[in-house]
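This report refers to the structure that appears directly beneath it.
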Amino acid sequence: MRNPQLNSNGELTHLLTLEGLPREIIVNILDTAESFLGVTEREVKKVPLLRGMSVFNVFFENSTRTRTTFEIAAKRLSADVINLNVSTSSTQKGETLLDTVDNLAAMHADMFVVRHAQSGAPHMIARHVGPERHVINAGDGRHAHPTQGLLDAYTIRHYKKEFSALTVAIVGDILHSRVARSLIHALTILGTPEVRVIGPQTLLPAGVESLGVRVFPDMRKGLAGADVVVMLRLQNERMGGPLLPSAQEFFKYYGLTPDKLALAKPDAIVMHPGPMNRGIEIDSAVADGPHSVILPQVTFGIAVRMAVMSILGGS
Amino acid sequence: MAMRVHIKGGRLVDPKHGVDRPADLYIAEGRVAGIASAPRGFEPERVIDATGLVVAPGLVDLAARLREPGLEYKATLESEMLAAVAGGVTSLACPPDTDPPLDEPGLVEMLTRRASSLNLARVYPVGALTAKLGGERLTEMAELRDHGCIAFSQAEVPLADTQVLWRALQYAATFGLPVWLRPQDPHLAHGGVAHDGEVATRLGLPGIPAFAETIALGAILQLVRVTGTRVHLCRLSARESVEMVRVAKRDGLPVTCDVSAHHLHLSELDLGYFDSHCHVVPPFRSRRDREALSAALADGTIDAVCSDHTPVDDDAKQLPFGESEPGATGLELLLPLTLKWSREVRLPLVQALARATSEPARILGIDAGHLGIGAPADVCVFDPETYFTVAPSGLRSMGKNTPFLGYELPGVVRWTLVAGEVRFERG
Numbered sequence: 001m002r003n004p005q006l007n008s009n010g011e012l013t014h015l016l017t018l019e020g021l022p023r024e025i026i027v028n029i030l031d032t033a034e035s036f037l038g039v040t041e042r043e044v045k046k047v048p049l050l051r052g053m054s055v056f057n058v059f060f061e062n063s064t065r066t067r068t069t070f071e072i073a074a075k076r077l078s079a080d081v082i083n084l085n086v087s088t089s090s091t092q093k094g095e096t097l098l099d100t101v102d103n104l105a106a107m108h109a110d111m112f113v114v115r116h117a118q119s120g121a122p123h124m125i126a127r128h129v130g131p132e133r134h135v136i137n138a139g140d141g142r143h144a145h146p147t148q149g150l151l152d153a154y155t156i157r158h159y160k161k162e163f164s165a166l167t168v169a170i171v172g173d174i175l176h177s178r179v180a181r182s183l184i185h186a187l188t189i190l191g192t193p194e195v196r197v198i199g200p201q202t203l204l205p206a207g208v209e210s211l212g213v214r215v216f217p218d219m220r221k222g223l224a225g226a227d228v229v230v231m232l233r234l235q236n237e238r239m240g241g242p243l244l245p246s247a248q249e250f251f252k253y254y255g256l257t258p259d260k261l262a263l264a265k266p267d268a269i270v271m272h273p274g275p276m277n278r279g280i281e282i283d284s285a286v287a288d289g290p291h292s293v294i295l296p297q298v299t300f301g302i303a304v305r306m307a308v309m310s311i312l313g314g315s
Numbered sequence: 316m317a318m319r320v321h322i323k324g325g326r327l328v329d330p331k332h333g334v335d336r337p338a339d340l341y342i343a344e345g346r347v348a349g350i351a352s353a354p355r356g357f358e359p360e361r362v363i364d365a366t367g368l369v370v371a372p373g374l375v376d377l378a379a380r381l382r383e384p385g386l387e388y389k390a391t392l393e394s395e396m397l398a399a400v401a402g403g404v405t406s407l408a409c410p411p412d413t414d415p416p417l418d419e420p421g422l423v424e425m426l427t428r429r430a431s432s433l434n435l436a437r438v439y440p441v442g443a444l445t446a447k448l449g450g451e452r453l454t455e456m457a458e459l460r461d462h463g464c465i466a467f468s469q470a471e472v473p474l475a476d477t478q479v480l481w482r483a484l485q486y487a488a489t490f491g492l493p494v495w496l497r498p499q500d501p502h503l504a505h506g507g508v509a510h511d512g513e514v515a516t517r518l519g520l521p522g523i524p525a526f527a528e529t530i531a532l533g534a535i536l537q538l539v540r541v542t543g544t545r546v547h548l549c550r551l552s553a554r555e556s557v558e559m560v561r562v563a564k565r566d567g568l569p570v571t572c573d574v575s576a577h578h579l580h581l582s583e584l585d586l587g588y589f590d591s592h593c594h595v596v597p598p599f600r601s602r603r604d605r606e607a608l609s610a611a612l613a614d615g616t617i618d619a620v621c622s623d624h625t626p627v628d629d630d631a632k633q634l635p636f637g638e639s640e641p642g643a644t645g646l647e648l649l650l651p652l653t654l655k656w657s658r659e660v661r662l663p664l665v666q667a668l669a670r671a672t673s674e675p676a677r678i679l680g681i682d683a684g685h686l687g688i689g690a691p692a693d694v695c696v697f698d699p700e701t702y703f704t705v706a707p708s709g710l711r712s713m714g715k716n717t718p719f720l721g722y723e724l725p726g727v728v729r730w731t732l733v734a735g736e737v738r739f740e741r742g
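What follows is the structure, encoded as structure tokens:
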């Protein structure tokens, strides 16, 4: 089965997941992002690479932040940007997902940035619209959030230069996290020798080791010697059910506090995809402390999304 | 009108009697009247040339949804009964998950009357075990039996309440009625859409663990031990379930079980990039599970293979995997998938066909699935060597939903006879 996001020449036509992408494609995106970082620092923050192209942000699941970063990225590439919040309730009123997509395609969309609560929805859309239009997955269910994975990889490369000797620890709700899955794929493709996942068994998916990670139920052991610590957002609705008893207990055992962080390497960096729950997965002293690179992640995120859009738009 | 038919020159395969040899078949008054030599004075009104073809009992399918009453937009009795005979299926059991469910004698009677008026395959309704499949109130099982239900089941709505399950089994045992159950713990399976394993983890799909099946199976087997009810276990999907049934049978429990033809060939890996045609219940599990199911059908631990025919309209499949409606069309693929399986496990045809003819007939308790003298002349004449490509246009079922689209499969049905009448003929 051919990777559905590559064309017959092996070029990227959609970005649906990082799984199975050739290393060169990922490195090329990161290198391109690096060249765009200067653009975002300039007074005129625009380049004309996507002039005349229409980018539709189609969010079936709300996320102001992610949508905004895609919007900024597209505008800096001089594309026309249209934002659509298609709540799932309106599609339940009758129009199917593919009807919605057909309508948008008829409005001459060149690129779809799609977020959907169901794993696999962007794959389906990509199959439907074919290779002439490009689909970027902005997060689908628990499956993938590839631009987040790329910006995380970019951040790690920025601070650590090489992946070949790193230990990266990802902490928290792996089960529901598309961020974790995409980052794990990015790290393994880029040759990271040790990727660890840390969390209670209730938040680890079945057979997670098959993704190429080591499991540490004990956060203190898992953080020992880590170069990079990635904290995941814990959704409130996971609390008080069968998965976790309380936010307090979670914070005690899996929240990142200065004393736990002290077990990692002295120059370890701390990342978080945002939005943060202070006092639940991360202590403010860490979030705002010297190891934190959480705000630079946001800046890099725009450059990475510009890189992805320009590569797809140029293919 | 039942004709006198002479099926000549074929290879007669009759699993129940261990027959696999060149032999002509003579049919009169809807029954088998002679094998190899014609009965005295037999004058055929029709001769079917079966040279190079297999002459076998019509297939008996333990699970085919006909979507009537209530779900005619997915499929109709006409379309699905035609699909049955086109697939060589002459007897089929339909689960009670219609709309409304088959929980009242009137509904059952309407279905059987409509079905028999079509003059295609024979239909055996499975009645609902609880009213509206709601899992609370028992149906009038004895009354439903008198109106034609051959067994009772919860279809795809497993009982959450083990008290109700226990009482339902006790009540059924009182009247000697068989109960068919697909073992699944509804709490453990809640929200899941794929096997809880490596693929679901990779694709980010909510999982249904194998132990959702084995825990429910354990409960059922314990209750069979205490109630003595005859229980048929539907569509096992996990390796551990096979082991549990093996032990239960060794202990002499009155249990039988089946597997869907799909699960003999596919595993979680076939989900590929979210192929919603692979969204089925129970889910395709690991390769080891698939191999265990295949081996267990070969060694007889699993008694029968069924189509688990579930026609789903395109719109309900053209959705993200988790939102798509589960199920696959199967009536016309049961024979090809059984043949493909028999070649993979190197099982002689006569033994392989038993799993789709005499064995399911035994489970149903009907006189079908064999071709002894005097048996109902339900016959499937097929070409075992010709391969065909599975395509929507080639399927008579209204359900075009199958993970096998594009596959090359062996086995083309040429004639299907029910009660000695030709009900299907491929030109």
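Chains as they are written, first to last, in my numbering: chain A, 1 to 315; chain B, 316 to 742.
Think of the CB as a built atom: it goes at the ideal place given N, C-alpha and C, for glycine as much as any other residue.
Just so you know, these numbers come straight off a predicted model, no measurement behind them.
Check: Of all the CB atoms in chain B, is at least one closer than 8 Å to the CB of Leu98(A)?
Finding: True, the Cβ-Cβ gap to chain B drops below 8 Å.
Check: Would you say Val58(A) and Leu104(A) are within 8 Å of each other, going by their C-beta atoms?
Finding: yes
Item checked: Range covered by the alpha helix (DSSP H) that runs through Phe589(B) -> Here Phe589(B) belongs to no alpha helix (DSSP H), and DSSP marks it neither H nor E.
Notebook entry, point to check: Could you give the distance in angstroms between the alpha-carbon of Gln544(B) and the alpha-carbon of Leu679(B)?
Noted result: Sequence check: residue 544(B) is Thr here, not Gln. Using only the alpha carbons, I get a separation of about 15 Å.
Next item on the list: State the DSSP-derived secondary structure class of Leu12(A), mapped to helix, strand or coil.
Entry: strand
Check: Going along the chain, which unbroken runs of the alpha helix (DSSP H) with 4 or more residues stay wholly within the region 633-720 of chain B?
Finding: 649-659, 664-669, 673-679
Next item on the list: Tell me whether His462(B) sits in a helix, a strand or coil according to DSSP, three-state version.
Entry: coil
Next item on the list: State yes or no: is the beta carbon of Glu558(B) nearer than 8 Å to at least one beta carbon in chain A?
Entry: no
Note to self: For a cutoff of 8 Å on Cβ pairs, would you count Ala144(A) as touching chain B?
What the structure shows: yes
Check: Can you give the beta carbon distance from Leu37(A) to Ala247(A), rounded, assuming they're within the 8 Å contact cut?
Finding: About 36 Å separates the two Cβ atoms, so there is no contact after all.
Check: Is it buried or exposed for Val400(B), if we count other Cβ within 10 angstroms and need 16 for buried?
Finding: That one is buried.
Margin query: Which runs of the beta strand (DSSP E) at least 3 residues long sit entirely within the region 41-126 of chain A? Give them in chain order.
Written below: 54-59, 80-85, 111-116
Next item on the list: Entirely within the region 414-485 of chain B and at least 3 residues each: give me those beta strand (DSSP E) ranges in chain order.
Entry: Here the runs fully enclosed are 437-443, 466-468.
Notebook entry, point to check: Cα separation between Leu648(B) and Ile280(A)?
Noted result: Straight-line spacing of the CA atoms in Leu648(B) and Ile280(A) works out to 53 Å.
Next item on the list: Could you tell me whether the region 637-648 of chain B touches the region 612-619 of chain B, where touching means 3 or more Cβ pairs closer than 8 Å?
Entry: no
Notebook entry, point to check: How long is the line joining the alpha carbons of His580(B) and Leu664(B), rounded to whole angstroms?
Noted result: 18 Å
Check: Beta carbon of Arg319(B), beta carbon of Glu383(B): below 8 Å?
Finding: no
Notebook entry, point to check: Interface residues of chain A around Ala515(B) at Cβ under 8 Å?
Noted result: Pro205, Ala206
Notebook entry, point to check: Around the C-beta of Gln118(A), are 16 or more other C-beta atoms found within 10 angstroms, so that it is buried, or is it exposed?
Noted result: buried
Next item on the list: Indicate the three-state DSSP secondary structure (helix, strand or coil) for Asp227(A) in the structure shown.
Entry: coil
Note to self: With a threshold of 8 Å between beta-carbons, can Pro48(A) be considered close to chain B, or not?
What the structure shows: no
Next item on the list: For chain B, find out if any of its Cβ atoms is closer than 8 Å to the Cβ of Leu211(A); answer yes or no.
Entry: yes
Checklist line | Identity of the residue in Thr32(A), Asp102(A), Met111(A) nearest Ile82(A) by Cα | finding: Met111(A)
Next item on the list: Ignore the nearest five residues each way along the sequence and tell me which others in Pro758(B)'s own chain have a CB closer than 8 Å to its CB.
Entry: Absent from the model: residue 758(B). The displayed extent of chain B is 316 to 742, so no value can be given.
Next item on the list: Output yes if chain A places a C-beta closer than 8 Å to the C-beta of Tyr439(B); else output no.
Entry: Taking Cβ atoms only, chain A never reaches closer than 8 Å to Tyr439(B), which makes this a no.
Next item on the list: Please name the residues in the region 634-652 of chain B whose beta-carbon is closer than 8 Å to at least one beta-carbon of chain A, in chain order.
Entry: Close to chain A, meaning a Cβ-Cβ distance shorter than 8 Å, are the following residues of the region 634-652 of chain B: Leu634, Pro635, Phe636, Gly637, Glu638.
Notebook entry, point to check: What first and last residue would you give for the alpha helix (DSSP H) that runs through Met559(B)?
Noted result: 554-565
Notebook entry, point to check: What residues in the region 499-513 of chain B bring their beta carbon closer than 8 Å to a beta carbon of chain A?
Noted result: Asp511, Gly512, Glu513
Check: Can you find a CB in chain A that lies within less than 8 Å of the CB of Asp628(B)?
Finding: Not one chain A Cβ lies under 8 Å of Asp628(B).
Check: For the ligand SAH, is there a heavy atom less than 7 Å away from the beta-carbon of Glu249(A)?
Finding: Ligands in the displayed structure: none, and consequently the ligand SAH is not present.
Check: Are the beta-carbon atoms of Gln666(B) and Pro372(B) separated by less than 8 Å?
Finding: no
Next item on the list: Pull up the CB-CB distance for Ile269(A) and Val293(A), whole angstroms please, since I reckon it's below 8 Å.
Entry: 5 Å
Next item on the list: Name, in chain order, the residues that DSSP records as bridge partners for Thr167(A).
Entry: Glu194(A)
Next item on the list: Use the C-beta contact count for Met124(A): other C-beta atoms within 10 angstroms, 16 or more gives buried, fewer gives exposed.
Entry: Looking at its Cβ environment, which holds 16 or more other Cβ atoms inside 10 Å, Met124(A) is buried.
Notebook entry, point to check: When the cut-off is 8 Å and only beta carbons count, does Gln118(A) lie next to chain B?
Noted result: yes
Note to self: Taking the beta carbon of Glu395(B) as the centre, do at least 16 other beta carbons fall within 10 Å, making it buried, or is it exposed?
What the structure shows: buried
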